[in-house]
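Asker: Residue 1 is where the sequence shown starts when you use the UniProt record's numbering, and the numbers rise one by one after that. Heads up, the beta-carbon is just placed ideally off N, CA and C, and yes, glycines get one too. Before I ask anything, let me first share the structure, which is written out below as structure tokens.
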Amino acid sequence: MSLQTPSDLPVQVIVPNDTNPSGPPLLSAERRVTLSWTVAQFKAKLEPITGIPAASQSLRTRSLLVDDTWIPIDNDADLLSTPRYGLKRGSEIQVIDLRPRHERQNLNFLAADLSSVEKYQMPEDRYEKLEDSVLAWKRRQKLGRFDPHAKSQDQVVQERRKKDEAEMAARGIRTGLRCRVAKDDGKRGVVRFTGEVPGLGGQREEGCLWVGVELDEPVGRNDGSVPVEIEGEDGKPKHETRRVFECRPKYGVLARPEKVEVGEFPPLDDLMDEDMEEI
Numbered sequence: 001m002s003l004q005t006p007s008d009l010p011v012q013v014i015v016p017n018d019t020n021p022s023g024p025p026l027l028s029a030e031r032r033v034t035l036s037w038t039v040a041q042f043k044a045k046l047e048p049i050t051g052i053p054a055a056s057q058s059l060r061t062r063s064l065l066v067d068d069t070w071i072p073i074d075n076d077a078d079l080l081s082t083p084r085y086g087l088k089r090g091s092e093i094q095v096i097d098l099r100p101r102h103e104r105q106n107l108n109f110l111a112a113d114l115s116s117v118e119k120y121q122m123p124e125d126r127y128e129k130l131e132d133s134v135l136a137w138k139r140r141q142k143l144g145r146f147d148p149h150a151k152s153q154d155q156v157v158q159e160r161r162k163k164d165e166a167e168m169a170a171r172g173i174r175t176g177l178r179c180r181v182a183k184d185d186g187k188r189g190v191v192r193f194t195g196e197v198p199g200l201g202g203q204r205e206e207g208c209l210w211v212g213v214e215l216d217e218p219v220g221r222n223d224g225s226v227p228v229e230i231e232g233e234d235g236k237p238k239h240e241t242r243r244v245f246e247c248r249p250k251y252g253v254l255a256r257p258e259k260v261e262v263g264e265f266p267p268l269d270d271l272m273d274e275d276m277e278e279i
């Protein structure tokens, strides 16, 4: 008797090794997820598996429709069934550790040099011949690089940028304006940055525009700095921290334009003062 519910999906959970991007990931395991979970619930369930505190996790999934495009799973209140995440059987979900490297202890033993350890690695040509892999599914569906009408990377980047520019203009998003993030009144603040952040998400998210918000309360993710992917001297990708705007720790957040609403959103303390004056 199967305990799997119709909303259960097997996905691949991966913790990348940012100290050695060309090496094996720190963790790669198949897990079943329930699409009725919120992102926050999913992070809590990932904590004992990955050793990364839920508050220090940044999640993203690789698109099955466009090669090498990552979709951020960035709203803790969302359900995993949210259409824009596009989670399907076999989806890859990366769990990125936002903690400074000196604070990471749980997975350090996995970061050791394993080059001298005998292990099996499937040859790439053999993997390409498998009929039950994600690659084979893409080939059959003519998706990604198998799509004869697929757009070039430059075309994809230009379309992303134009779409986000139109979204910014339609929403009237400009620096200095009051706003709230993800329709959450607990995340009110001031727009401090608008534009592209080179390296955020690497080439896979090139062209995307972001809105940097300094929040009124310490419910954010950063201090205006974010991890970015750059090309090292050896031509391989490496990660560094880049400052986008200035604010106190936990008061900063970068959000996509569609998540930001500008308008009359005064600090909540001001609203409480007004209510007291009317009593």
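In or out: G201 buried (at least 16 other Cβ within 10 Å) or exposed?
Answerer: Locating residue 201 in the sequence shown gives position 201, counting from the first residue. Counting Cβ neighbours within 10 Å, G201 comes out buried, since at least 16 surround it.
Asker: Might you give, ordered along the chain, the residues of its own chain that have their beta carbon closer than 6 Å to the beta carbon of L98, omitting 5 neighbours on each side?
Answerer: Your numbering for residue 98 matches position 98 in the sequence shown. S56 and S58.
Asker: Can you list, in chain order, the residues of its chain whose CB lies under 6 Å from that of H239, leaving out five sequence neighbours each side?
Answerer: Numbered from its first residue, the sequence shown carries residue 239 at position 239. Result list for H239: D18, P227 and E229, in chain order.
Asker: Based on the DSSP output, what are the partners of K187 in its beta bridges?
Answerer: Counting from one through the sequence shown, the residue named residue 187 turns up at place 187. Note: K187 sits in no beta bridge, so no partner.
Asker: In whole angstroms, give me the CA-to-CA distance for E92 and V13.
Answerer: As a first step, residue 92 is located in the sequence shown; it is residue number 92 there, counting from the start. As a first step, residue 13 is located in the sequence shown; it is residue number 13 there, counting from the start. The alpha-carbon atoms of E92 and V13 are separated by roughly 6 Å.
Asker: If you count every other CB in all the chains shown that lies within 10 Å of the CB of G220, and 16 or more means buried, which is it?
Answerer: Within the sequence shown, residue 220 is the residue found at index 220, counting from 1. So G220 ends up on the buried side.
Asker: Specify the secondary structure class of L46 as computed by DSSP and reduced to three states.
Answerer: For the purposes of this step, residue 46 is identified with residue 46 of the sequence shown, where counting begins at 1. If DSSP states are grouped into helix, strand and coil, L46 belongs with the helices.
Asker: Distance, Cα to Cα, I52 vs R60?
Answerer: As a working note, residue 52 is residue 52 in the sequence shown. As a working note, residue 60 is residue 60 in the sequence shown. Rounded to the nearest angstrom, the two C-alpha atoms are 15 Å apart.
Asker: Pull up the distance between the alpha-carbon of I96 and that of P24, whole angstroms please.
Answerer: Within the sequence shown, residue 96 is the residue found at index 96, counting from 1. Within the sequence shown, residue 24 is the residue found at index 24, counting from 1. In a straight line, the C-alpha of I96 is about 15 Å away from that of P24.
Asker: Tell me whether T175 is buried or exposed, calling it buried when 16 or more other Cβ atoms sit within 10 Å of its Cβ.
Answerer: Working through the sequence shown from its first residue, we reach residue 175 at position 175. With fewer than 16 Cβ atoms within 10 Å of its Cβ, T175 is classed as exposed.
Asker: In whole angstroms, what separates the C-alpha of G235 from that of D154?
Answerer: Here residue 235 refers to the residue found at position 235 when the sequence shown is read from its first residue. Here residue 154 refers to the residue found at position 154 when the sequence shown is read from its first residue. Taking the straight line joining both Cα atoms gives about 20 Å.
Asker: Going by DSSP, what residues sit across from D97 in a beta bridge?
Answerer: As a working note, residue 97 is residue 97 in the sequence shown. Beta-bridge pairing links D97 to Q57.
Asker: Measuring alpha carbon to alpha carbon, tell me which residue in R188, Y85 and P100 is nearest W70.
Answerer: Reading the sequence shown from its first residue, position 70 is the one you call residue 70. Nearest C-alpha to W70: Y85.
Asker: Can G207 and V244 be called in contact, C-beta distance under 7 Å?
Answerer: Your numbering for residue 207 matches position 207 in the sequence shown. Your numbering for residue 244 matches position 244 in the sequence shown. No, the Cβ-Cβ distance between G207 and V244 is not below 7 Å.
Asker: Should Y127 go down as buried or exposed, given a rule of 16 or more other Cβ atoms within 10 Å for buried?
Answerer: Along the sequence shown, read from residue 1 onward, the residue named residue 127 stands at position 127. Result: exposed.
Asker: Any idea if D216 is buried or exposed, counting beta-carbon neighbours within 10 angstroms, 16 or more meaning buried?
Answerer: Taking the sequence shown and counting its residues from 1, one reaches residue 216 at position 216. Buried, because 16 or more other Cβ atoms sit within 10 Å of the Cβ of D216.
Asker: Hey, out of R161, V253, R242 and K138, whose CA is closest to V191's CA?
Answerer: Start at 1 with the first residue of the sequence shown, and residue 191 comes out as number 191. Of R161, V253, R242 and K138, the residue nearest in Cα terms is V253.
Asker: Are the CB atoms of R32 and P10 within a distance shorter than 7 Å?
Answerer: The count along the sequence shown starts at 1 and reaches residue 10 at position 10. The count along the sequence shown starts at 1 and reaches residue 32 at position 32. Yes, these two residues count as a Cβ contact at 7 Å.
Asker: Contact between the stretch 163–173 and the stretch 256–268 is defined here as three or more beta-carbon pairs at a separation below 8 Å; is this criterion met?
Answerer: Contact holds: three or more Cβ-Cβ distances are below 8 Å.
Asker: Roughly how many angstroms separate the alpha carbons of L27 and F146, rounded to a whole number?
Answerer: Position 27 of the sequence shown, counted from the first residue, corresponds to residue 27. Position 146 of the sequence shown, counted from the first residue, corresponds to residue 146. Going from the Cα of L27 to the Cα of F146 covers about 29 Å.
Asker: Quick one: is D113 buried, meaning 16 or more other Cβ sit within 10 Å of its Cβ, or exposed?
Answerer: Here residue 113 refers to the residue found at position 113 of the sequence shown. Bear in mind that the predicted position of D113 carries a pLDDT of just 49, short of 50, making it unreliable; the figure below should be weighed with that in mind. It is exposed - the Cβ of D113 has fewer than 16 other Cβ atoms within 10 Å.
Asker: Whole angstroms are fine: how far does the CA of S225 sit from the CA of G144?
Answerer: To locate residue 144, count along the sequence shown from 1; it is residue 144. To locate residue 225, count along the sequence shown from 1; it is residue 225. Their backbone Cα atoms lie some 32 Å apart in a straight line.
Asker: Please work out which residues of its chain come closer than 6 Å, Cβ to Cβ, to S63, disregarding the five sequence neighbours upstream and downstream, and give them in chain order.
Answerer: Reading the sequence shown from its first residue, position 63 is the one you call residue 63. Contacts found: T69 and I71.
Asker: Tell me, which residues are paired with G252 by DSSP?
Answerer: As a first step, residue 252 must be located in the sequence shown, where it is residue number 252. Partner(s): E214 and N222.
Asker: What's the gap between the Cα of R178 and the Cα of R171?
Answerer: Your numbering for residue 178 matches position 178 in the sequence shown. Your numbering for residue 171 matches position 171 in the sequence shown. Taking the straight line joining both Cα atoms gives about 12 Å.
Asker: So, is R188 buried or exposed, given that buried needs 16 or more other C-beta atoms within 10 angstroms?
Answerer: If you number the sequence shown from 1, residue 188 lands on position 188. The residue in question, R188, is buried, as its Cβ has 16 or more Cβ neighbours within 10 Å.
Asker: Thinking C-alpha only, which one of L209, W137 and K142 is nearest Q158?
Answerer: Numbered from 1 along the sequence shown, position 158 holds the residue referred to as residue 158. Among L209, W137 and K142, the Cα nearest to that of Q158 belongs to L209.
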